[in-house]
Amino acid sequence: MADQSSASAFAKDTYSLDAGYANLRGQFRYAKDSDTVAGVYTENSQIERQLVLVKNTSGGALPTGAALQFDTAWGQNVKKAVSGGHIRGYVPPVINGSASGTIPDQAYFWMVKVGPTKVLKSTTNVAVDDLIEVSSTSGQVKSSAGTGYPGVLGGSFIAADSSGNSVLVRAYANCQW
19 MADQSSASAF AKDTYSLDAG YANLRGQFRY AKDSDTVAGV YTENSQIERQ LVLVKNTSGG
79 ALPTGAALQF DTAWGQNVKK AVSGGHIRGY VPPVINGSAS GTIPDQAYFW MVKVGPTKVL
139 KSTTNVAVDD LIEVSSTSGQ VKSSAGTGYP GVLGGSFIAA DSSGNSVLVR AYANCQW
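So the mapping is simple: our numbering equals the position in the sequence shown, first residue as 1, plus 18.
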């Protein structure tokens, strides 16, 4: 049997509303640490991202970089992570085919589970190497002292930000099942 761990249902930086992908949820894929800003493709590092095919069942659109938790089907359906919840992955930093940069409700997409990505930071300041946990705003993350339950943490920041705004900040995702 051929290795299915990196089989591609569709592009890693897009989504699909085709219900035919329902049986592929939970499939893993690996992708380069890349980004597209203003139409310019950039490879940021040689570290690969580990992606998982999931479905947005949140009832609304998911913005790029949003922290995610499992919804009704563990390991298959996701919604925005809530304060105190476990971060299971992040919406990719680029969503091609979406003018608003969001994943629509009921769409299938490749969630970033492990590796460098951009995460939606809350208004609090962050420093390099700060651990990540969900903020009081669903889907956004903040720095953590790391004193809570370890499963809540979803990686650490690669870049610092003190803008005081909810923005995308580069981080290393390390989301456990």
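Just so it is clear, CB atoms sit at the ideal spot from N, CA and C, and this is done for glycine as well.
Just so it is clear, the structure is predicted and the values come from calculations on it, not from any experiment.
| Query | Result |
| --- | --- |
| Where Phe88 and Tyr190 are concerned, what is the direct C-alpha to C-alpha distance, given to the nearest angstrom? | 20 Å |
| Starting from the Cα of Ile105, find the closest Cα among Asn41, Lys30, Gln45, Ser162 and give me that residue. | Ser162 |
| With DSSP run on the structure shown, which of helix, strand or coil describes Ala49? | strand |
| Going straight from the alpha carbon of Asp21 to that of Asn183, what length do you get? | Here the model assigns Asp21 a pLDDT of 37, short of 50, so the residue's position is not dependable and the matter cannot be decided. |
| Are the CB atoms of Gly133 and Arg188 nearer to each other than 8 Å? | no |
| Output yes or no for whether 8 Å exceeds the beta carbon distance between Gly107 and Val130. | yes |
| Going by Cα to Cα distance, which pick from Ser153, Ala125, Val146, Gln124 is closest to Leu138? | Ser153 |
| To the nearest angstrom, report how far apart Trp92 and Val72 are at their CA atoms. | 10 Å |
| Arg67 lies in the beta strand (DSSP E); which residues open and close that run? | 67-74 |
| DSSP beta-bridge partners for Ile150? | Ser161 |
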